[in-house]
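See structure below.
There are 2 protein chains.
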Amino acid sequence: MPTIKDVAKKAGVSISTASYALNNVPGVHPETKQRILDAAKALNYYPNGIARNLKTKKTGNVGVFVYGFSGPIFSNVLEGIRQKLQQNGFNIIVSSRKSSENLLNERQVDGAIVFDNNLTDACLKNYASHDFPIYLLDRKLTGKNIYSSVIDNEAIVYQFISSMIKKGYKDFAYLSGPNDAYNNNRRYDGFKQALKDQKIKDHKYYQGDFTIEGGYKIGQEIIKSKQRPRFIYCANDESAIGLMKALREEGIHVPKDIALAGFDNIYLGEYLTPKLTTIGIDHVEWGRKVAQAVSDLIKYKKASEFEHPDGEIIMRESC
Amino acid sequence: MPTIKDVAKKAGVSISTASYALNNVPGVHPETKQRILDAAKALNYYPNGIARNLKTKKTGNVGVFVYGFSGPIFSNVLEGIRQKLQQNGFNIIVSSRKSSENLLNERQVDGAIVFDNNLTDACLKNYASHDFPIYLLDRKLTGKNIYSSVIDNEAIVYQFISSMIKKGYKDFAYLSGPNDAYNNNRRYDGFKQALKDQKIKDHKYYQGDFTIEGGYKIGQEIIKSKQRPRFIYCANDESAIGLMKALREEGIHVPKDIALAGFDNIYLGEYLTPKLTTIGIDHVEWGRKVAQAVSDLIKYKKASEFEHPDGEIIMRESC
DNA sequence: TTGTAAGCGTTATCAG
DNA sequence: CTGATAACGCTTACAA
Numbered sequence: 374m375p376t377i378k379d380v381a382k383k384a385g386v387s388i389s390t391a392s393y394a395l396n397n398v399p400g401v402h403p404e405t406k407q408r409i410l411d412a413a414k415a416l417n418y419y420p421n422g423i424a425r426n427l428k429t430k431k432t433g434n435v436g437v438f439v440y441g442f443s444g445p446i447f448s449n450v451l452e453g454i455r456q457k458l459q460q461n462g463f464n465i466i467v468s469s470r471k472s473s474e475n476l477l478n479e480r481q482v483d484g485a486i487v488f489d490n491n492l493t494d495a496c497l498k499n500y501a502s503h504d505f506p507i508y509l510l511d512r513k514l515t516g517k518n519i520y521s522s523v524i525d526n527e528a529i530v531y532q533f534i535s536s537m538i539k540k541g542y543k544d545f546a547y548l549s550g551p552n553d554a555y556n557n558n559r560r561y562d563g564f565k566q567a568l569k570d571q572k573i574k575d576h577k578y579y580q581g582d583f584t585i586e587g588g589y590k591i592g593q594e595i596i597k598s599k600q601r602p603r604f605i606y607c608a609n610d611e612s613a614i615g616l617m618k619a620l621r622e623e624g625i626h627v628p629k630d631i632a633l634a635g636f637d638n639i640y641l642g643e644y645l646t647p648k649l650t651t652i653g654i655d656h657v658e659w660g661r662k663v664a665q666a667v668s669d670l671i672k673y674k675k676a677s678e679f680e681h682p683d684g685e686i687i688m689r690e691s692c
Numbered sequence: 374m375p376t377i378k379d380v381a382k383k384a385g386v387s388i389s390t391a392s393y394a395l396n397n398v399p400g401v402h403p404e405t406k407q408r409i410l411d412a413a414k415a416l417n418y419y420p421n422g423i424a425r426n427l428k429t430k431k432t433g434n435v436g437v438f439v440y441g442f443s444g445p446i447f448s449n450v451l452e453g454i455r456q457k458l459q460q461n462g463f464n465i466i467v468s469s470r471k472s473s474e475n476l477l478n479e480r481q482v483d484g485a486i487v488f489d490n491n492l493t494d495a496c497l498k499n500y501a502s503h504d505f506p507i508y509l510l511d512r513k514l515t516g517k518n519i520y521s522s523v524i525d526n527e528a529i530v531y532q533f534i535s536s537m538i539k540k541g542y543k544d545f546a547y548l549s550g551p552n553d554a555y556n557n558n559r560r561y562d563g564f565k566q567a568l569k570d571q572k573i574k575d576h577k578y579y580q581g582d583f584t585i586e587g588g589y590k591i592g593q594e595i596i597k598s599k600q601r602p603r604f605i606y607c608a609n610d611e612s613a614i615g616l617m618k619a620l621r622e623e624g625i626h627v628p629k630d631i632a633l634a635g636f637d638n639i640y641l642g643e644y645l646t647p648k649l650t651t652i653g654i655d656h657v658e659w660g661r662k663v664a665q666a667v668s669d670l671i672k673y674k675k676a677s678e679f680e681h682p683d684g685e686i687i688m689r690e691s692c
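Chains A and B, in that order, give the protein sequences.
All letters in the first sequence, in the order written, are residues 374 to 692 by our numbering.
All letters in the second sequence, in the order written, are residues 374 to 692 by our numbering.
What follows is the structure, given as structure tokens:
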């Protein structure tokens, strides 16, 4: 594996001159530079990133830490992040769980975007304390070099449920996500507030977990029960899909018998029967903005303020 | 940011002794060792991975290189890879496009799993030539340190189409993926061979692109045409979903008017109306096996042979 | 314009 | 059992 030493030797110059030439430092004689570049090409030389990183104390890597690799939201956010980081000349490094922790502790990234509730506060704070920026997605944490971007779930769900009440629905239920999920709780807040403001006192509550399977199980329970709600608002689309499947299997018609809606606007919602009404966020754009902010933080040590994205109600057939 | 030097000083020992203790090298006096460990803890010390990597010429990272971050197959494979790499003590680093190239060229990973047809052969070969192992998924390339794992698409599609012919279908069409996609072409081979062996001479061919939108567009064309096929085999599930949507919108009943099936067994297939018949691969298991092979290659320089996964026909309602 | 040499934070050899 | 010290491959003062 050729090193800069080999290049220098082949070009008949010192290591430092080779380094200058390779890094486009001005002041190298054009001819010498060409000789060095030729030598590098001939040897198929690439700088050893590790060595450069050690010396410069920069890696050029931004870590994106997630808990799992599935989910449509996740992939859209990631796509946006990828675009912006590439534009800004950073490498994107997506990682998970134990690996995320290692990469943070060992400082293999210049900054991080965290989309994972299981990375501990301590780990994040320790990393940030060494002057590395961290952006948290859908999670709140404060501290030096720590930033959060949280979607205003509450407002948009409030608006949606209010409109459904105006449309005539009265008997609501909430199909929840995990209790410790920040966005689930905000959505529930919006839901409750809308009912309250429209003087609707009661509602049913089902405990789900954001998965299709979870929604399906709840659906089966609802089928058995006598008191079926007229409208079930689901904390996310996947819950809604599972629920819908269970209802369909029992011949319960959506939206005639039970209406429902979700959150996220995952792309398959449009391909279901009936098509799923939902609330969408422009996740790609969200990813872009966060990535831009992190790039700025790393380059200029200054956060670029940005508008956290709003939700959009997407009316389709399920309510 | 504390370094091993700080730890050594605090514990009153030399740097090398500190290093031994921290790395569990036997032969350090228990008391000294404890003192060092305590010092490390007190200082909140973590080794600088970059420095360690430089010295040891190992990073402990395995790169997983993809073109885009979406797609259910992709996330399942990734999940399997993650599990196995974690078990083997490697960090998983998922990356894309330009970043993948950088990480390879700069040797920031000890080995790579490539699920991206756009990384050039030259880049991969150059990396592999420096004695790093590469595993390609669904892509063929030969060379030193280069391995491929390719699903036997042909055989399983052949088997499926044959069974459909036995069931009585005669008038087939193939809705294709991109022409340069290896797996699409193998699936088409299997499809054609089955027809040929059962003496079915003709079939229609539609050019798709593996996306829902592509399938939808083809569906709209088919609706307009007079000569509709009776059975459309789709190169993947997403094409099938788009196609189904178009047909449904025109009141064409699946499977009564037109039957169809896909490939991949993406999880939403089960939630469609009608439920999609498809061919599934255990992608999580595939990921696990490939990751194990790469781990072995890195650790022992020896490839563990494994059975490349077979497909499984999943009969549901669409044919 | 080019070369010398120090140093980034580790590991590992060798001597004590 | 512990400590000096060289080395990993690069960048970057500083000197020539």
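Each residue gets a CB set at the ideal place from its N, CA and C atoms; glycine is no exception.
Next item on the list: Show which residues of chain A have a CB atom less than 8 Å away from the CB atom of N475/B.
Entry: G422, G433, N464
Notebook entry, point to check: Between N518/A and the rest of its own chain, which residues show a CB-CB distance below 7 Å, the 5 nearest in sequence each way excluded?
Noted result: A501, D504, F505, P506, I507
Note to self: If we require 3 or more residues per run, which beta strand (DSSP E) segments fall completely within the region 649 to 688 of chain B?
What the structure shows: 651 to 654, 684 to 687
Check: From P647/B to V450/A, what does the alpha carbon distance come to, in whole angstroms?
Finding: 31 Å
Notebook entry, point to check: How far does the beta strand (DSSP E) with N449/B in it reach, from first residue to last?
Noted result: N449/B -> not in any beta strand (DSSP E); alpha helix (DSSP H) instead, spanning 445 to 460.
Checklist line | Residues within the region 502 to 519 of chain B neighbouring chain A, beta-carbon criterion of under 9 Å | finding: S502, H503, D504
Checklist line | Cβ-Cβ distance between K565/A and Y589/A below 9 Å | finding: no
Check: Is DSSP giving F583/A helix, strand or coil here?
Finding: coil
Item checked: Supposed close pair R603/B, A567/B - CB separation, criterion 8 Å -> With a Cβ gap of about 15 Å, R603/B and A567/B do not count as contacting.
Checklist line | Buried or exposed by the 16-neighbour rule on C-beta atoms within 10 Å, applied to E527/A | finding: buried
Margin query: My output table needs one value for L645/B: the three-state DSSP class, helix, strand or coil.
Written below: coil
Item checked: Check whether E479/A and Y418/B have beta carbons under 9 Å apart -> no
Margin query: If contacts are defined as beta-carbon pairs under 8 Å, then I591/A and N556/A qualify, I think. What distance do you get, rounded to the angstrom?
Written below: Not really, about 19 Å apart at Cβ, beyond 8 Å.
Next item on the list: Could you tell me whether the region 388 to 395 of chain A touches the region 405 to 412 of chain A, where touching means 3 or more Cβ pairs closer than 8 Å?
Entry: yes
Margin query: At the 9 Å Cβ level, is R621/A part of the contact set with chain B, yes or no?
Written below: yes
Notebook entry, point to check: Along the chain, which unbroken stretches of the alpha helix (DSSP H) at least 4 residues long are found entirely within the region 453 to 513 of chain B?
Noted result: 470 to 478, 494 to 502
Checklist line | For I519/B, the residue or residues it bridges with in DSSP | finding: I507/B
Notebook entry, point to check: For G433/A versus G462/A, is the C-beta spacing smaller than 9 Å?
Noted result: yes
Margin query: Does the CB of S668/A have a neighbour CB from chain B at under 9 Å?
Written below: no
Notebook entry, point to check: Leaving out five residues before and five after V482/B in sequence, what residues of the same chain have Cβ atoms less than 8 Å from its Cβ?
Noted result: T432, N434, V435, G436, I466, L476, F505
Note to self: Is it the case that the region 569 to 583 of chain A contacts the region 599 to 614 of chain A, given that we only count it when at least three CB pairs across the two stretches are under 8 Å?
What the structure shows: yes
Check: In three-state DSSP terms, what is F545/A?
Finding: strand
Notebook entry, point to check: Does any residue of chain A bring its CB to less than 9 Å from the CB of T646/B?
Noted result: yes
Next item on the list: Given a cut-off of 9 Å, decide if V667/B and G516/B are closer than it, judged by their beta-carbon atoms.
Entry: no
Notebook entry, point to check: Got a sec? Which residues, its chain only, sit under 7 Å from S549/B by beta carbon, not counting five neighbours each side?
Noted result: N557, Y561, Y578, Y579, Q580, G581, A608
Note to self: Which residues in chain A have a C-beta closer than 7 Å to the C-beta of G441/B? List them in chain order.
What the structure shows: E452
Next item on the list: For chain A, find out if any of its Cβ atoms is closer than 9 Å to the Cβ of P682/B; answer yes or no.
Entry: no
Checklist line | Straight-line Cα distance separating V663/A from K513/A | finding: 15 Å
Notebook entry, point to check: Nearest-angstrom Cα distance between P445/A and K471/B?
Noted result: 23 Å
Note to self: Using 8 Å for Cβ pairs, my map puts I529/A next to G684/A. What's the rounded Cβ distance?
What the structure shows: 3 Å
Margin query: By the DSSP assignment, the beta strand (DSSP E) with Y606/A in it spans what residues?
Written below: 604 to 607
Note to self: For I377/B and L427/B, what's the separation of their Cα atoms in angstroms?
What the structure shows: 15 Å
Next item on the list: Please name the residue, chosen from H656/B, S473/B, D544/B, that lies closest to Y640/B on a Cα-to-Cα basis.
Entry: H656/B
Check: Can you list, in chain order, the residues of the region 593 to 609 of chain B whose Cβ is nearer than 9 Å to any Cβ on chain A?
Finding: none
Next item on the list: Indicate the three-state DSSP secondary structure (helix, strand or coil) for F533/A in the structure shown.
Entry: helix
Next item on the list: Have a look at L670/B, E680/B, L649/B and flag the residue whose alpha-carbon is nearest the alpha-carbon of W659/B.
Entry: E680/B
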